[in-house]
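This report refers to the structure that appears directly beneath it.
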Amino acid sequence: MLNFLPRSQHLPRVVEIGVTLQIINSDTRPRWNLSKANWQQYSELMEKCSRCILKSNISIENVYHRFSNALLISVKKSIPRGSFPRRIPCLDHKSKALLCRFEHTKNELALNDLLYNMSNIRKVD
């Protein structure tokens with residue numbers, strides 16, 4: 032919305048006409064991928080570490096510190112990390128190739144092919 036027009040009650044608006052693709056920017060910090068975890072290895076590592084901690088006569092603060100370190104080491108060894116990439120909804124391999132073709136050529140036909148392909152993908156979903 033733009034500023035008021037002088038001596039008018041109208042509020043002019045700017046409308047962009049053209050094709051815009053919605054890009055979803057997700058958080059790129061690494062996340063634990065729990066679906067690919069090796070839970071057997073994790074259990075074995077935690078069992079081994081917890082036995083060592085329980086056998087020693089130390090203060091509760093030290094026990095907590097050792098347990099949290101053992102937990103972190105076990106998780107790092109048995110659960111992979113990954114991040115969510117930037118993505119455009121309904122962009123499969125064919126659409127990605129069409130998008131690259133359009134960006135290089137700026138051809139209207141390539142754009143029409145891209146939009147047609149993406150609309151077909153939306154209908155399937």
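Heads up: the sequence shown begins at 32 in our numbering, then just goes up one per residue. Where is the CB? At the ideal position from N, CA and C, for every residue including glycine.
7 Å Cβ shell around residue i - same chain, five flanking residues per side excluded
i, result
"residue 133", "141, 142 and 145"
"residue 94", "84"
Contacting residues, own chain, Cβ-Cβ under 8 Å from residue i (five flanking each side not counted)
i, result
"residue 77", "101, 102 and 105"
Cβ separation of residue i and residue j, assumed to be a contact under 8 Å, to the nearest whole Å
i, j, result
"residue 114", "residue 62", "6 Å"
Reference residue i, options the options, closest by Cα
i, options, result
"residue 96", "70, 149 and 80", "80"
"residue 111", "46, 72 and 39", "72"
"residue 150", "121, 87 and 39", "121"
"residue 67", "127, 147 and 108", "108"
Residue i versus residue j: straight-line alpha-carbon distance, rounded
i, j, result
"residue 65", "residue 135", "39 Å"
"residue 41", "residue 129", "42 Å"
"residue 131", "residue 125", "10 Å"
"residue 153", "residue 123", "11 Å"
"residue 58", "residue 89", "40 Å"
"residue 21", "residue 82", "Here the chain covers residues 32 to 156 and nothing more, so residue 21 does not appear."
"residue 137", "residue 39", "40 Å"
In the segment 42–112, which residue ranges form an unbroken alpha helix (DSSP H) of at least 4 residues, counting only runs that do not cross its ends?
Considered as a whole, the segment 42–112 harbours 70–86 and 91–109 as its complete alpha helix (DSSP H) runs of no fewer than 4 residues, in chain order.
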